[in-house]
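First up is the structure itself, then whatever we jot down about it.
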Amino acid sequence: MKLFTILATITMFPSAVESFAFTSMRSNQPSSLYSTMADSGIPPSGSAPSTVDDDSIIPTKLPSDVGMDYVPLATLLASGQLAEADQFTRDALIVIAGSKAKGRDFVYWTEVKNIPSTDLATIERLWIQFSGGKFGYSVQKKKMRQSKGDFEQFCRKIGWTTTDGEVERKKRWFGASEFTYDVKKAPEGHLPLTSALRGTSLIKELLNHPVWDDDDWKKVE
0 MKLFTILATI TMFPSAVESF AFTSMRSNQP SSLYSTMADS GIPPSGSAPS
50 TVDDDSIIPT KLPSDVGMDY VPLATLLASG QLAEADQFTR DALIVIAGSK
100 AKGRDFVYWT EVKNIPSTDL ATIERLWIQF SGGKFGYSVQ KKKMRQSKGD
150 FEQFCRKIGW TTTDGEVERK KRWFGASEFT YDVKKAPEGH LPLTSALRGT
200 SLIKELLNHP VWDDDDWKKV E
């Protein structure tokens with residue numbers, strides 16, 4: 000089975016090793032490290048188009064401080080291809096955080112500070128627009144605040160957990176994804192996904208990025 004972007008795996012078992020919390024590994028022969036992560040599953044190859052709000056006009060201004068093209072993301076979101084948009088978002092973060100230039104297909108949580116506010120704001124505005132305000136990092140930040148920083152409670156609020164009988168666990172990808180790529184059916188904050196397989200530092204840093212300190216990210220210069 001081809002291992003495609005292990006980063007999308009969202010089975011979250013925090014450990015002392017948090018530096019590999021975000022990866023976009025593409026390899027037919029995964030290394031021993033990633034082999035140990037295989038039980039978390041793989042992302043879906045695609046998603047059935049979700050019904051999106053009528054406000055599906057792609058913005059003409061999609062600014063980036065690093066020359067990133069966000070038209071593909073806007074197009075995927077506008078057409079309701081949420082799994083693909085989710086994947087594009089993670090891959091984009093790898094580029095704009097500078098990880099790709101270093102020859103890595105994952106982002107260290109310490110690199111979140113390198114993500115330009117301009118780019119993160121562009122990504123966020125697209126998710127907000129095409130989900131009717133239901134998805135996005137700012138929505139997740141609100142949910143984390145409502146959870147008082149409790150990651151387990153946060154996961155419950157945004158639908159990242161499920162139950163097997165009486166046992167609660169994080170959702171995973173085994174064959175069909177257990178996540179919901181549908182604006183109408185998914186809970187608020189369900190997307191985009193961020194892997195916390197190796198710890199929760201990455202998502203916490205994303206939600207604490209300076210861009211969210213005020214509402215300027217909503218504006219397009």
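Going by numbering that gives the first Met the number 0, 185 is the number at position 186 of the sequence shown; the sequence numbering is gapless. Think of the CB as a built atom: it goes at the ideal place given N, C-alpha and C, for glycine as much as any other residue. Quick caveat, the model's predicted, so the values are computed rather than measured.
Presumed contact (8 Å Cβ cut-off) between residue i and residue j, rounded CB distance
i	j	result
Val182	Ser130	5 Å
Trp108	Ser200	4 Å
Ile157	Glu187	7 Å
Gly135	Glu123	5 Å
Gly97	Asn113	5 Å
Trp211	Lys140	6 Å
Trp126	Leu192	Not a contact, Cβ separation roughly 12 Å.
Thr72	Thr88	The question names Thr, but residue 72 in the sequence shown is Leu. Leu72 to Thr88, Cβ: 7 Å. Contact.
Beta bridge counterpart(s) of residue i as assigned by DSSP
i	result
Val166	Asp163
Per-residue burial, residue i [other beta carbons within 10 Å of its own, 16 or more giving buried]
i	result
Gly66	exposed
Leu55	Looking at the sequence shown, residue 55 is not Leu but Ser. Exposed is the call here.
Gly164	exposed
Pro209	exposed
Gly198	buried
Asp85	buried
Gln145	exposed
Asp118	buried
Lys203	buried
Gly79	buried
Val106	buried
Lys217	exposed
Thr121	buried
Arg168	exposed
Lys142	buried
Val166	exposed
Val219	exposed
Residue i in three-state terms, based on DSSP
i	result
Phe105	strand
Tyr180	coil
Val111	helix
Asp215	helix
Lys203	helix
Glu83	helix
Arg89	helix
Val65	coil
Lys156	helix
Gly40	Model confidence at Gly40 stands at a pLDDT of 35, short of 50, so the residue's coordinates are unreliable; what they give is reported in the following sentence. In this structure, Gly40 counts as strand in the three-state DSSP scheme.
Leu76	helix
Proximity test, residue i beta-carbon vs the ligand HEM heavy atom, cut-off 7 Å
i	result
Asp85	Among the components of this structure there are no ligands whatsoever, and the ligand HEM is therefore not found.
- request: At 4 residues or longer, and completely inside the segment 107-153: list those alpha helix (DSSP H) runs for me, N to C.
  value: 116-130, 136-145
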